[in-house]
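Report on the following structure.
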Amino acid sequence: DQQVKQNSPSLSVQEGRISILNCDYTNSMFDYFLWYKKYPAEGPTFLISISSIKDKNEDGRFTVFLNKSAKHLSLHIVPSQPGDSAVYFCAARSARQLTFGSGTQLTVLP
Amino acid sequence: EAGVVQSPRYKIIEKKQPVAFWCNPISGHNTLYWYRQNLGQGPELLIRYENEEAVDDSQLPKDRFSAERLKGVDSTLKIQPAELGDSAVYLCASSKRQGTEAFFGQGTRLTVV
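Protein sequences, first through last, are from chains A and B. Going by the numbering used here, the first sequence opens with residue 1, and the numbers climb by one from there. Going by the numbering used here, the second sequence opens with residue 111, and the numbers climb by one from there.
The following block contains the structure:
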């Protein structure tokens with residue numbers, strides 16, 4: 001029973017264009033949502049988060065949108081850069097426990 | 111500020127052998143997590159500590175896995191005996207008591223042959 005789902009295993013985007021990574025969840029008790037980025041042979045690195053009481057959070061090139069009614073969140077990267085190529089994990093928090101999605105491999109083509 | 115430190119980075123062992131992983135969290139972080147990540151999947155929680163107390167170990171296979179966090183700082187995760195299916199990356203993470211994000215170490219890649 002996957003409470004956090006990332007249905008796209010991979011995504012390729014041209015440099016300079018927008019990357020949109022999606023995540024769906026089922027548990028209404030999640031109070032925080034986070035995005036992590038992971039390079040090969042490294043641990044996940046925190047990228048950006050959003051509280052369940054908000055619908056948007058922006059940090060430089062990264063924006064996370066939350067649609068609570070649809071139980072859906074997305075990460076927008078604009079403009080995409082080759083260095084953004086990595087695996088992106090969506091995570092949701094409940095009772096201080098993080099539940100992760102299976103990840104989306106983003107490849108930004110130069 | 112130093113990040114979460116894990117050792118070893120890689121470990122290859124034969125099945126039925128014991129193995130141990132070590133984690134040093136970020137200074138001042140009360141909460142420590144051990145996660146397991148299988149290939150192509152996201153990290154899955156094994157155990158969470160608040161200081162030296164294990165407050166969530168429902169996903170820890172207690173017949174072969176054990177963990178401890180002495181003095182509420184460093185932590186070790188042990189598997190005895192290891193099975194082929196234990197091959198994975200074991201990640202340690204820590205966070206502040208009131209923090210939202212967890213900070214991860216580089217992980218230990220375990221291969222059981």
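We put the beta carbon where it would ideally sit given N, CA and C, even for glycine. The model shown is predicted, which means the values in this text are computed figures rather than measured ones.
Given 8 Å as the limit, tell me if A:Gly103 has its C-beta closer than that to any heavy atom belonging to the ligand NAP. Of the ligands one can find in the structure shown there are none, so the ligand NAP has no counterpart to examine.
Would you mind telling me which residues of chain A sit closer than 8 Å to B:Leu201, beta carbon to beta carbon, in chain order? Locating residue 201 of chain B in the second sequence gives position 91, counting from the first residue. Those are Gly43 and Pro44, listed as they occur along chain A.
Endpoints, the beta strand (DSSP E) within which B:Phe175 is located: Numbered from 1 along the second sequence, position 65 holds the residue referred to as residue 175 of chain B. Element bounds for B:Phe175: Phe175 to Glu178.
Can you tell me whether B:Tyr145 is buried or exposed, with buried defined as 16 or more other CB within 10 angstroms of its CB? Here residue 145 of chain B is taken as the residue at index 35 of the second sequence, counted from 1. When all chains shown are included, B:Tyr145 counts as buried.
Entirely enclosed beta strand (DSSP E) segments - the segment 31 to 85 of chain A, minimum 3 residues: 32 to 38, 45 to 51, 56 to 59, 62 to 67 and 72 to 77
C-alpha distance - B:Val183 paired with B:Trp132, whole-angstrom precision: To locate residue 183 of chain B, count along the second sequence from 1; it is residue 73. To locate residue 132 of chain B, count along the second sequence from 1; it is residue 22. Answer to the nearest angstrom: the Cα atoms are 11 Å apart.
Taking only three categories from DSSP, how would you classify A:Leu109? As a working mapping, residue 109 of chain A is identified with position 109 in the first sequence. Three-state result, A:Leu109: strand.
Is it buried or exposed for B:Pro153, if we count other Cβ within 10 angstroms and need 16 for buried? What you label residue 153 of chain B is simply residue 43 of the second sequence in a count that begins at 1. With 16 or more Cβ atoms within 10 Å of its Cβ, B:Pro153 is classed as buried.
Does B:Lys181 pass the burial test, meaning 16 or more other C-beta atoms within 10 Å, or should it be called exposed? Your numbering for residue 181 of chain B matches position 71 in the second sequence. It is exposed - the Cβ of B:Lys181 has fewer than 16 other Cβ atoms within 10 Å.
Bridge partners of A:Arg17, per DSSP? Taking the first sequence and counting its residues from 1, one reaches residue 17 of chain A at position 17. Paired residue(s): none; A:Arg17 is not in a bridge.
Apply the 10 Å Cβ neighbour rule to B:Gln127 and answer buried if 16 or more other Cβ atoms are within range, or exposed otherwise. Locating residue 127 of chain B in the second sequence gives position 17, counting from the first residue. Burial call: exposed.
Can you grab the Cα-Cα spacing for the pair A:Gly83 / A:Leu21, in whole Å? The count along the first sequence starts at 1 and reaches residue 83 of chain A at position 83. The count along the first sequence starts at 1 and reaches residue 21 of chain A at position 21. For A:Gly83 and A:Leu21, the distance between alpha carbons rounds to 16 Å.
List the residues of chain A whose Cβ lies closer than 7 Å to the Cβ of B:Phe175, in chain order. One-based indexing of the second sequence puts residue 175 of chain B at position 65. Here the premise fails: no neighbours, minimum Cβ distance about 18 Å.
By how many angstroms is the C-alpha of A:Glu42 removed from the C-alpha of B:Gln147? For the purposes of this step, residue 147 of chain B is taken as residue 37 along the second sequence, with counting starting at 1. For the purposes of this step, residue 42 of chain A is taken as residue 42 along the first sequence, with counting starting at 1. Each residue's Cα considered, the two are about 12 Å apart.
DSSP beta-bridge partners for A:Arg96? Residue mapping note: residue 96 of chain A aligns to position 96 of the first sequence, counting from 1. Answer by DSSP bridge pairing: none, since A:Arg96 is not bridged.
Measure the alpha-carbon distance for A:Gly16 versus A:Ser80 and round it to whole angstroms. If you number the first sequence from 1, residue 16 of chain A lands on position 16. If you number the first sequence from 1, residue 80 of chain A lands on position 80. Approximately 5 Å, taken between the alpha carbons.
In angstroms with no decimal places, state the Cα-to-Cα distance between A:Thr99 and A:Phe30. As a first step, residue 99 of chain A must be located in the first sequence, where it is residue number 99. As a first step, residue 30 of chain A must be located in the first sequence, where it is residue number 30. One C-alpha to the other measures close to 9 Å.
Counterpart residues of B:Leu187 in DSSP-defined beta bridges: Locating residue 187 of chain B in the second sequence gives position 77, where the first residue counts as 1. Paired residues: B:Phe131 and B:Ala177.
What does DSSP give as the partner residues of B:Leu194 in its beta bridges? Position 84 of the second sequence, counted from the first residue, corresponds to residue 194 of chain B. Bridge partners of B:Leu194: none, in fact.
Identify which residue in A:Tyr25, A:Ser74, A:Ala70 and A:Gly103 has its Cα closest to the Cα of A:Asn57. Within the first sequence, residue 57 of chain A is the residue found at index 57, counting from 1. Here the closest residue by C-alpha is A:Ser74.
Using a Cβ cut-off of 8 Å, pull out every chain B residue sitting near A:Tyr32, in sequence order please. In the first sequence, residue 32 of chain A corresponds to position 32, counting from 1. Those within 8 Å of A:Tyr32 in chain B are Thr210.
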